[in-house]
Structures are given as structure tokens and as C-alpha cells.
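Residues 7 to 392 (this note's numbering) are what the sequence shown spells out, left to right.
One structure is given here, and the rest of the page talks about it.
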Amino acid sequence: MGEPEAEAAKRAIMSGWVTQGPEVAAFEQEFTAYVGAKFACAVSNCTTALHLALLAVGVQPGDEVVTVSHSYIATANSIRYCGAIPVFVDIEPHTYNINPTLIEQVIGDRTRAILVVHQMGMPCNLKAILDIARRHELPVIEDAACAIGSEILWNGEWEKIGKPHGDIACFSFHPRKVISTGDGGMLTTNNPEWDKQFRLWRQHGMSVPDTVRHTAKQVIFESYPMLGYNYRMTDIQAAVGREQLKRLPEIVERRRYLAQRYQEMLADVPGLKLPTEPTWARSNWQSYCVRLPEKCEQRQVMQAMLDAGISTRRGIMCAHREPAYEHETWSCGSEQQVCNCEVGKCDRLSESEQAQDHSVLLPLFHHMAQQEQDYVMKVLKMTCQV
Ligand SMILES: Cc1ncc(COP(=O)(O)O)c(C=O)c1O
């Protein structure tokens with residue numbers, strides 16, 4: 007972020023309208039144009055977006071939602087906010103995304119939806135997933151928290167993630183993401199009823215928005231016909247988001263260039279496994295995740311890099327191994343099919359666990375200089391080859 011974002015925040019502050027208002031409406035409009043969706047509804051973050059998406063498709067207490075454990079914990083948490091149970095499916099080792107061939111075997115009478123993740127910005131195999139979902143008449147929600155600017159080849163055309171190809175897509179604007187509003191989220195859908203519902207829910211279920219009441223020539227009393235939430239984005243955030251959206255194409259292009267450099271220049275490191283971009287996917291490379299050679303210990307590599315002044319992150323977490331999950335009877339099976347594995351070591355989710363334990367996220371940011379990237383690769387090579 008820079009001067010344009012600071013100016014935009016100032017513009018919102020000086021306008022006299024700081025919470026959800028005209029800047030949010032404009033941001034939503036510009037967002038729909040960017041991803042190609044009919045509707046976009048801004049909310050406070052991606053976790054609240056996921057919560058509303060699950061509610062909209064009818065997820066209720068006791069239902070099951072098929073998803074991955076190998077994701078930021080917010081994915082699974084949003085299912086639990088509905089009183090439902092996440093049923094975890096393992097990932098593909100090279101894309102770090104849900105393995106579509108494992109979905110059908112966990113679909114049962116209580117399955118109400120499929121929540122997939124475009125992990126680290128890499129599009130998941132939506133074609134295969136939608137095929138299964140449509141056969142079982144299940145809605146598909148896309149956790150696109152990391153995937154703004156990513157693309158998928160769809161009927162011969164490159165389309166933006168969030169069009170959406172499933173039923174609803176949810177984005178995050180947390181600072182860890184490719185563009186940010188400080189915190190923030192967006193829901194996209196082509197279903198006008200869901201969009202209407204999101205707008206009510208995000209603002210306490212209020213029948214008439216405050217923007218309408220404040221400009222009315224007659225007194226209006228609003229009512230609250232349903233239980234709602236305060237999941238609003240502020241106009242200050244949206245003003246910043248509009249500037250960030252303008253920068254997005256350039257940011258994604260630069261990230262793709264840097265990822266390509268990693269891809270080419272790390273290809274010869276023995277035992278190091280690089281992420282794979284399927285022919286039908288274009289990642290925004292929100293994160294660049296490498297699988298370490300077997301002889302390398304994750305923490306040691308990360309420490310050696312930190313000692314050299316390079317900040318890395320470990321592979322994506324697994325929700326089922328966290329204390330908030332691991333003691334639930336369903337934590338790595340379902341209520342009906344309890345998994346009797348050792349806590350934190352599950353055969354059903356072994357690819358997810360290995361990805362968490364043996365991967366490292368290398369630095370990648372769009373203003374990263376080539377010399378900085380060369381230095382990262384030099385230190386990684388030295389560390390991995392000891
Ligand atoms: C895959 C995924 N889903 C959901 C979230 C939650 O996003 P937010 O922080 O905007 O609530 C994140 C954030 O890190 C994420 O990576």
C-alpha cells in the first residue's frame with residue numbers, strides 16, 4: 007500500500023460517511039467487473055463470508071460439510087459456526103488442494119454442502135468437484151480467501167476465480183493476501199436471492215439500510231425480521247480496496263514472474279519438490295510452497311533461513327491436529343464413521359499431515375527484487391544440501 011491507498015482512506019474519512027456506504031457499493035461494483043460475477047457483497051472478513059455462504063445454502067446444526075483439514079482453521083471453523091460438522095478429505099500432494107477422487111466416499115445422508123479451498127491461490131479442480139456435487143445435488147462453496155486474481159480454464163476461456171464456478175465464492179483481504187483492506191471479505195454469487203440475503207445478514211437483519219434512511223425525505227422506521235450479524239466492511243476499508251484492486255493485475259503478473267523464476271532455478275535441487283500448476287490453472291502465487299528433501303528437517307531449515315535474515319512459514323496447518331479439533335469424535339472421520347487413528351496422525355489425512363510437516367513457504371511479494379530472490383534460493387540450496 008502507498009499514497010493512493012492513504013489518499014483513499016482520507017477521502018472516506020473526510021466524506022463524513024465511514025462505515026458501509028457508497029465506497030463499499032463502488033468496491034462491490036468494481037469487484038464484480040473484475041471477477042465476472044453478477045453479484046458481490048462486501049463483509050468484514052472471509053471467515054464471516056464463509057459463515058454466510060454456508061447459511062445461505064442451508065447448512066444447519068447436525069449437517070455435514072465436506073472440506074479439507076489442510077487449510078487455515080477459519081475454513082473448518084465457519085462450518086462449526088453453523089453447528090455443522092466438517093468432514094475432512096485429504097489433499098493432492100502437488101497442488102495442496104482437495105483430492106476430488108476422495109470426495110464421493112464421504113458423502114452421506116447428512117452431507118449438505120462441499121466447501122473447497124483454492125489453497126495458497128492455486129485453483130482446485132472445480133470441474134471434477136462440480137461433476138460430483140451436481141450428481142449428488144450438493145452446493146459448492148469456494149473458499150477463495152487466497153485466490154483473487156487466480157484463473158481457471160473454463161470451456162476454452164481463462165476465467166477469474168470468483169465468477170463463481172461453484173455456487174458462492176468467498177475472498178479475504180487480510181494483509182497476508184495478495185490485496186488487502188486491512189481486514190475484509192467478499193462474497194460473489196450469481197444468485198440474486200442469496201445476494202439479497204447476505205446484505206440483510208451482514209447488517210443485523212435490518213429491513214432498510216441506513217444509507218437509504220439517511221437520504222430519505224420521509225421518516226422511515228426499520229425492522230429486524232430475522233437474526234442478523236454485524237459483518238459489515240467499513241467505507242474506509244472499501245476505499246483502500248478500490249485502490250488495491252487497480253494494482254491487482256500488475257501484482258499478479260509480477261508474482262507469476264517470480265514464481266516462474268523459483269520454478270526454473272530450484273528445479274535442480276535434489277529431492278526438493280516444487281508446486282505444480284495444472285494446465286487448466288493459473289495461480290496468483292499468493293504463497294510459494296516447496297516440499298523439502300527427506301533428509302531436511304522443516305524447523306531446522308526455517309531456522310537456518312531465519313538466521314540468514316529470511317522469513318519463511320511452515321506448510322499450511324491441518325485443523326484436525328489442533329486442540330480445538332483433535333478431541334472431537336468426528337475430528338478426522340465423521341460422527342457415523344469414527345476414525346480410530348492416533349491423535350494427530352491419521353492415515354486418511356496423511357498427505358495433509360505430510361504437507362504440513364515437510365513444506366516451507368518461501369518469501370514471495372510483488373516488489374521482491376531479483377537479488378533478494380536469488381539470495382533466498384542460494385540460502386535454501388545451501389541449507390538443503392548440507
Ligand atoms: C484458506 C483460508 N480461508 C479463510 C481464511 C480466513 O480469512 P479472514 O482472515 O479474512 O477471515 C484464510 C485466511 O488466512 C484462509 O487462508
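We put the beta carbon where it would ideally sit given N, CA and C, even for glycine.
Small disclaimer: the values here were computed from a predicted structure and weren't measured.
Asked, Found
"Residue from Glu328, Ala361 and Met232 whose Cα sits closest to the Cα of Tyr294", "Ala361"
"Closest residue to Gly188 among Lys384, Val49, Gly27 and Met126 (Cα-Cα distance)", "Val49"
"Limits of the unbroken alpha helix (DSSP H) element including Ile257", "Asp241 to Met271"
"Residue range of the unbroken beta strand (DSSP E) whose run includes Ile158", "Glu157 to Trp160"
"When Lys133, Arg118, Leu355 and Asn161 are compared against Glu143, the one with the closest alpha-carbon", "Arg118"
"Heavy atom of ligand 1 within 6 Å of His180 beta-carbon", "yes"
"Pairwise C-alpha distance: Ile85 and Lys351", "22 Å"
"Residues sharing a beta bridge with Leu367, DSSP", "Cys295 and Arg319"
"Span of the alpha helix (DSSP H), counted from its first residue to its last, around Arg86", "Ala80 to Tyr87"
"Whole-Å CB distance - Arg205 paired with Cys47, under 8 Å assumed", "6 Å"
"Environment of Gly27 [buried if 16+ CB atoms lie within 10 Å]", "buried"
"Under 7 Å between C-beta atoms of Gln250 and Ile185", "yes"
"Val123 Cβ short of 6 Å to ligand 1 heavy atom set", "yes"
"Secondary structure, alpha helix (DSSP H): runs of 4+ residues fully inside the region 331-375", "356-364"
"CB-CB length for Arg368 against Tyr263, believed under 8 Å", "Rather than Arg, the amino acid found at residue 368 in this sequence is Leu. Contact doesn't hold; Cβ gap of about 15 Å is too wide."
"Tyr87 beta carbon near ligand 1 (any heavy atom closer than 6 Å)", "no"
"Gly155: CB within 6 Å of a non-hydrogen atom of ligand 1", "no"
"The region 367-382 in contact with the region 334-351 per 3-pair CB rule at 8 Å", "no"
"Ile120, buried or exposed, once every other Cβ within 10 Å from all chains shown has been counted against 16", "buried"
"Under 7 Å between C-beta atoms of His372 and Arg261", "yes"
"The region 192-212 / the region 227-234 touching (three or more Cβ pairs under 8 Å)", "yes"
"Anticipated Cβ contact below 8 Å, Gly168 with Ala43, distance rounded", "6 Å"
"Rounded separation between Thr38 and Leu272 - CA only", "37 Å"
"The region 88-104 touching the region 137-154, judged by at least three CB pairs closer than 8 Å", "no"
"Closer than 6 Å: Ser186 CB and nearest ligand 1 heavy atom", "no"
"Any non-hydrogen atom of ligand 1 closer than 6 Å to Thr53 Cβ", "yes"
"Which of helix, strand or coil DSSP assigns to Glu328", "coil"
"Beta-carbon proximity list for Gln391, same chain, < 7 Å, skipping 5 on both sides", "none"
"Cys438 Cβ short of 6 Å to ligand 1 heavy atom set", "Only positions 7 to 392 of the chain appear in the structure, and residue 438 is not among them; the question remains open."
"Three-state secondary structure assigned by DSSP to Met192", "strand"
"Within 7 Å, strictly: CB atoms of Ala55 and Leu193", "yes"
"Strand pairing of Leu121, partner residues [DSSP]", "Ile147"
"Residues bridged to Trp164 (per DSSP)", "Leu159"
"Ala82: CB within 6 Å of a non-hydrogen atom of ligand 1", "no"
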